[in-house]
Each structure stands twice: as structure tokens, then as C-alpha cells.
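Novice: Here it is, the structure, as C-alpha cells.
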Amino acid sequence: MNAYKKFGYYYDEVMSQLNYDLWLEFIEEFLKPGDNVLDLACGTGTLCTMLKLKGFDAEGLDLSETILEIGREKMKVNHLNFPLHHADMTNFNLNKKFNMITCFFDSVNFLKDIKEVYKMFDCASAHLKDNGYFIIDIFSKELLNEYENNDIVEDYVTFKLDWKTKKTSPTSLKHTIKIIEGDDAFIENYYEYYYEIRQLQHRKFKLVKISGDFNDDLEDEDERILLVYQKL
Numbered sequence: 006m007n008a009y010k011k012f013g014y015y016y017d018e019v020m021s022q023l024n025y026d027l028w029l030e031f032i033e034e035f036l037k038p039g040d041n042v043l044d045l046a047c048g049t050g051t052l053c054t055m056l057k058l059k060g061f062d063a064e065g066l067d068l069s070e071t072i073l074e075i076g077r078e079k080m081k082v083n084h085l086n087f088p089l090h091h092a093d094m095t096n097f098n099l100n101k102k103f104n105m106i107t108c109f110f111d112s113v114n115f116l117k118d119i120k121e122v123y124k125m126f127d128c129a130s131a132h133l134k135d136n137g138y139f140i141i142d143i144f145s146k147e148l149l150n151e152y153e154n155n156d157i158v159e160d161y162v163t164f165k166l167d168w169k170t171k172k173t174s175p176t177s178l179k180h181t182i183k184i185i186e187g188d189d190a191f192i193e194n195y196y197e198y199y200y201e202i203r204q205l206q207h208r209k210f211k212l213v214k215i216s217g218d219f220n221d222d223l224e225d226e227d228e229r230i231l232l233v234y235q236k237l
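Residue numbers (the working numbering): 6 to 237.
Have a look at this one:
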């Protein structure tokens, strides 16, 4: 799994168009007052912050130390305090159990093979309380095909973004991210891998809900698939 490097410093601004409220509203259906949540691939802790402001206990975990440093600075600004763990979501041990674990924004698709995915499921199970929920999202076949050859160029206040996405195989994408800021520029490459729902079954979990684009039903044209598992 790739960790964001220099791009981490631009992550929040580039991802600002995401409506985090959609994810928050979706998971609140499965939460009770006082529940605690661990967010895998948490980025700068935006979802954790929203959960804390809603009265839940929240912790985050991410592979990128750069991202986590920014998250800790955000906590100071928001006068909040919650743990942000620097760890690999396929191999971690926090010696703690949670009511819910989440992994969003197709972070699962950054895992390079199904063995890594199953290792993530094992870690999630080990950190969930009895009957706890593990909620993830993945991109759909529809979005995989849309991204066959995609290029996004955007100007921000202090930098320019050129984000190219190319389908490199029937089940994989390559993202080439170029940031230009003044006379400086850098390029980073990241890879994502398509997984079908049938592959994402695990003996320690029961799949209890499938949602397409946050709706009750899954349609062929949906771009994001949300999967809700309950620990057995």
C-alpha cells in the first residue's frame, strides 16, 4: 500500500470537494451514543473530527506520517484531542476494541492484492467488540471504466494540480499526481486495484448491508459501493 508523501501537504485542499457529511450520516445509523470508532486510512482526521463533535469517541490510523502531522495541527486549531496512530491498516495492534471501524474513500482499493485485504479484515476483527461493525467503501466497475483515461487539471490559490488516471489492466488504475507551486513541482504515482463484492467476504464477518452511492439499493451506474459488515 502506498502512503501519501509530499501530496499529503495538499490533501485537504484537493479533497475539499468531498461531502464528508454523506459518510457521517451513513455510519450514524449503526452507532449508539458513547460508541467509539476507529477510522482506518484516516487522512488528516476529518471524519474523526466530525465524530468527536457529534459526541462519539474517535481515533484514526494512517500509513502517512505527513498526513498525520497535518491532522495533529488541525486538532490544535479545533481545540480537540484524539489519538492518531501511525500504522499499516493490514498490520496493527492498538490493544483496544471498538464499536465500529471504518475505511473510506476507496482506501481498500489501494491494497495491492486480496491477501492484504484479508489481513486488514483480520486486524479489524481483532479490534472490534462483539457484534461491532466494519464499514468500508470501494469503487465500482462503472467508475473503473470511467477512469480508463482521465485527466483533471485544476488551479488552486497557491498551486496547480494535474491528476492523470489511467487504466493499466482490467482491474487496476495508475494515478499520476503533479503539483506545481511557483517554480517548484513534483510528481507522485499511486495505484488502485478493483475488487468485486464476492471477493470481500471474510469468515469473521457477516455482510449485512450493501449500498450504492449511499442509497438503499445498488444500481449498475453507481460509482461508490458501501459495504457494512458485522463481526461474528
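Backbone N, C-alpha and C define an ideal beta-carbon position, used for all residues, glycine too.
1) Nearest CA to the CA of G39: which residue from I184, F61, N98, L89?
2) Who are the near neighbours of E147 in its chain, counting only those whose CB is closer than 8 Å to its CB and skipping five residues on each side?
3) In the stretch 25-70, which residue ranges form an unbroken beta strand (DSSP E) of at least 3 residues, counting only runs that do not cross its ends?
4) Nearest to D127 by alpha carbon, out of Q206, L149, K11?
5) Determine the DSSP secondary structure at N96, reduced to helix, strand or coil.
6) Whose CA, out of P88, K179, K165, lies closest to the CA of T49?
7) Could you tell me the distance, in whole angstroms, from the CA atom of D26 to the CA atom of T51?
8) Between the alpha carbons of F219 and K211, how many angstroms are there, rounded?
9) Report the rounded CA-to-CA distance for Y234 versus D188, giving the unit in angstroms.
10) By how many angstroms is the C-alpha of S69 removed from the C-alpha of D135?
11) Can you tell me whether T163 is buried or exposed? The criterion is at least 16 other CB atoms within 10 Å of its CB, across all chains shown.
Specialist: Taking the structure as given:
1) Residue mapping note: residue 39 aligns to position 34 of the sequence shown, counting from 1. Answer by Cα proximity: F61.
2) Along the sequence shown, read from residue 1 onward, the residue named residue 147 stands at position 142. Counting only Cβ-Cβ distances below 8 Å, and skipping sequence neighbours, we find D225, E226, D227, E228.
3) Within the stretch 25-70, the complete beta strand (DSSP E) runs of at least 3 residues are 41-45, 62-67.
4) Taking the first residue of the sequence shown as 1, we reach residue 127 at position 122. The shortest C-alpha separation from D127 is found at Q206.
5) Here residue 96 refers to the residue found at position 91 when the sequence shown is read from its first residue. Of the three classes helix, strand and coil, the one that applies to N96 here is strand, per DSSP.
6) Numbered from 1 along the sequence shown, position 44 holds the residue referred to as residue 49. It is P88 whose Cα lies nearest to the Cα of T49.
7) For this step, residue 26 is matched to residue 21 along the sequence shown. For this step, residue 51 is matched to residue 46 along the sequence shown. Taking the straight line joining both Cα atoms gives about 10 Å.
8) By one-based count along the sequence shown, residue 219 stands at place 214. By one-based count along the sequence shown, residue 211 stands at place 206. If you take the alpha carbons of F219 and K211, they lie about 19 Å apart.
9) To locate residue 234, count along the sequence shown from 1; it is residue 229. To locate residue 188, count along the sequence shown from 1; it is residue 183. Computed Cα separation, rounded: 48 Å.
10) Reading the sequence shown from its first residue, position 130 is the one you call residue 135. Reading the sequence shown from its first residue, position 64 is the one you call residue 69. Going by the C-alpha atoms only, they are around 30 Å apart.
11) In the sequence shown, residue 163 corresponds to position 158, counting from 1. Around the beta carbon of T163, fewer than 16 other beta carbons sit within 10 angstroms, so the residue counts as exposed.
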